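Data first, discussion second: the structure below is written as structure tokens.
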Amino acid sequence: MEKATKLLHLLTMILLFITGFYIQHAFQLLLTNSSLLLIWILISVLALLHLEFTFRIVRRRLSYFDSDMS
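Last residue of the sequence shown: number 215 in the numbering used here, and the count goes up by one each step with no gaps.
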């Protein structure tokens with residue numbers, strides 16, 4: 146369970162880094178087209194929400210698996 150949790154945290158950090166890169170790119174696009182900025186921010190927020198819900202489900206399933214093993 147600890148290894149799975151560490152792996153989830155690592156994946157979260159990688160995805161947050163990628164999302165941060167896209168948000169930075171979106172702010173650079175602000176100079177050319179403000180609607181693209183809004184689209185990039187919306188996509189980034191939705192991706193983070195999806196990631197959070199996915200990790201909640203995975204943690205819940207891992208805790209069920211861990212309780213079954215003991």
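Note that CB positions come from ideal geometry on N, CA and C, so glycine has one too.
Fair warning: this is a prediction, and the values are worked out from it, not measured in the lab.
Is the beta carbon of residue i less than 7 Å from the beta carbon of residue j?
i, j, result
"residue 198", "residue 153", "no"
"residue 157", "residue 189", "no"
"residue 196", "residue 160", "yes"
Using a Cβ-Cβ cut-off of 8 Å (strictly less than) and excluding sequence neighbours within five positions of residue i, which residues of its own chain qualify?
i, result
"residue 167", "185, 188, 189"
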